[in-house]
Structure formats: structure tokens, C-alpha cells
Ligand code: FES
Ligand SMILES: [Fe+2]
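Numbering (this note's numbering), first residue to last: 171 to 550.
Below, the structure is given as C-alpha cells:
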């Protein structure tokens, strides 16, 4: 569906700051290099704490970060071969979440039916991805009887495609973002090309015009015309002299829950959003820059260029964004009922998409939860 590219002004619906996620997507949760062998890495996907570890084959396993014995966090424990062992009594669980050893039981004793929930997990593109949505089959009347998630949705949902990842014609810059803000505020910032004003001292883009807006069930794509001058223009290979102005079209494509932004084959940004909590989000991004140097030279320079470009070029932009995003969040919390005015139809479309995705997911969740039997009240 193509949408109009002009809007007089629309009140931002407060509802959007209160929504959760659609769990039926793959979420990037960590850089793969941060999960070392024999270590446990705790991550959080929308208030669900998960412990990641590598088994003896170096395969990533993802289990809930709560021991089914007494509720201690599993990331306080250690990795033992294929299993994760809790720090408190040493109960060991394999990657399927089954209790496989209790160190103080003899081998004849039957192990209890205590099980950790597990999550579908993949390692690809230097990232670890979790699929949090598949329904868990739990019998609430018997809390020890936790069966595993139905993985059919995870199996049939593809990860985003990042074709430049292994392409030596592109220089890849990983960028890490951490925000004390709801993920919807962060996602609106990424779609909001009109905030080039904020970055004017960094010679960011200017004179943005929304050219085209397309919306589908799972995506919002906006094409903007933007202009660059000076260092940024030169760095992107757009201009020959330092102060010349170049006008380009940038497409910003929000494919829920991630972004793919493209500057006419000159640079691409893949931004993976991790909603952590109502006031905390992360982003794992790859900026790809087209390089016109010999491949061998690029390979040689890559370890040096990556941190330099990230720290000097992108982090100053990100720090300015974080300040705005966190200010927006803080003022929302002070007065959640206050209405703000949005004039960019692309932002309205992104809000609509995030609300719709959340509602779709919420409607799929079972409405009836089997309640555990109430304990009998002892009368004196
Ligand atoms: S609390 Fe984890 S083994 Fe006892
Ligand atoms: Fe920005």
C-alpha cells in the first residue's frame, strides 16, 4: 500500500509507548564474540532473561535464566561439557533443558522431572539470534511438568538476509547501541530522517524530503531525498571536493523488528533492534561502506579501520541520538497522558506497524490459563 507523503500533524498515540513485542520474529541478542566457550552470557528479550552458553561442540544453547530447583539465576553457574550447572546445588541441565545430573545423588536415583525452558537460537552474521515467541506448553496445575516449546514457527521464520556480510567489496563497521528508552522511541528515531538538524555540527545530511512511502503487513519503507556536504559527502564517496553538495535518495526500510537502510549502493545499514524492557533497548548494527581499494589492502586495514570509523564517524551521531531518545522517554514518563504532534507520515506508519504486530501476537496467546489448585486453608 502506498501512502501519502504529507501530513498536517497527528497526535502521537500514547498506546504506542505501552506496547510489547511480537515475539514471533528472530531477535539479535548478542555479538557472537561476546559468548566465549565455557562462559554463560545472560541476555534479555523483552523482560525474559535467558542464559546463553556454548556446548562441547561450540553450538550455542539458550535456556531460561532461572533454575527450576529453587529459582537461582543460571548465569551464576558454570558450563560443564554439554550442560549448564546451577551455582547453588550443582544441578546440571543439557541444551534441551533436561536435568541430567545432580552431583549429590547416586547413579541409581531417578532424576526429578525438573526442566529448564529452552529457546530456539541461531548463530549467524556474527550475532546470536533468539526466537522468543513459540508457545510453551506448560501444565500449570503441575509446575514441574514443563514441556518444551513448539519450534515450528521458529523453524519456518527466516533470519534477515545480510548479503554484504561476507562480501569483500564492502567494509563492515559493527555499531553497538544501548538506550534507556522504549523500543518504539528508538525505532521512530531510525525512521526519522528529518532529524538531520540534530547532527548539523557533524556535517550530517540536510534538506530532507519524503519522496515515497510504502506499507505492507510487516514493513514500512520510506524513500527520502537528502543532501550531504563536506567531510561526510567526501567520505561517502559522493563529492570530489570538501564543500560540494551532493543530493541522494536514501531508503529506510523497517522490516519488523529490524531496519535495512540503503544509500544508493554507496552504503547500507542493517540495524537489529533488541527490546529489553519498557525503558531499555539495544541495537546491533552493521554499516557497510562500498570500498574502492584493492581487497587485500581492505583486509589488511579492516581491523584498524573498523574501530576508527566507528568511533570517529558513527558514535558521535549515535551519542546525539541517544540524548534525544532518552530525553523523549524521560518526558513521556513524567506525563504519559500528554499528546505530542507528529508530522512525518513515515513515523505514523511505523507506529501503526509496531502496534499491529504487538496486537497480532497478543491475540495469538492463549486467553485461558489453567490455574493451579489453591492450597487448602488450615483451620485452627
Ligand atoms: S537452585 Fe539451582 S540447583 Fe538448587
Ligand atoms: Fe540520528
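Heads up, the beta-carbon is just placed ideally off N, CA and C, and yes, glycines get one too.
None of the values given here were measured: they were computed from a predicted structure.
Judged by DSSP secondary structure, residue 527 falls outside any beta strand (DSSP E) and instead within the alpha helix (DSSP H) spanning 515-534.
Annotation: residue 425 to residue 388 spans about 6 Å, alpha carbon to alpha carbon. Residue side-chain check: residue 491 places its Cβ nearer than 8 Å to a non-hydrogen atom of ligand 2. Between ligand 1 and residue 348, a heavy atom-to-CB distance of less than 8 Å is absent. Taking a C-beta distance under 9 Å as the contact criterion, residue 220 and residue 351 do not qualify as a contact pair. Closest by C-alpha distance to residue 369, out of 488, 278, 384, is 488. Less than 9 Å divides the Cβ of residue 355 from the Cβ of residue 499. With a cutoff of 8 Å, residue 240 counts as near ligand 1, since its C-beta is closer than that to a heavy atom of the ligand. Three or more Cβ pairs closer than 8 Å define a contact, and the stretch 320-340 meets that threshold against the stretch 455-463.
When the Cα atoms are used, residue 263 and residue 212 turn out to be separated by approximately 16 Å. Below 8 Å, enough C-beta pairs join the stretch 391-398 and the stretch 371-383 to call them touching: three or more.
In this structure residue 202 touches residue 296 by the C-beta definition: roughly 5 Å separates them, less than 8 Å.
Secondary structure of residue 242 (DSSP, three-state): coil.
Taking one beta carbon from each stretch, the stretch 234-242 and the stretch 278-297 have 3 or more pairs nearer than 8 Å; the two touch. The Cβ atoms of residue 260 and residue 252 do not sit closer than 9 Å to each other. Residue 431 has its CB no nearer than 8 Å to any heavy atom of ligand 2.
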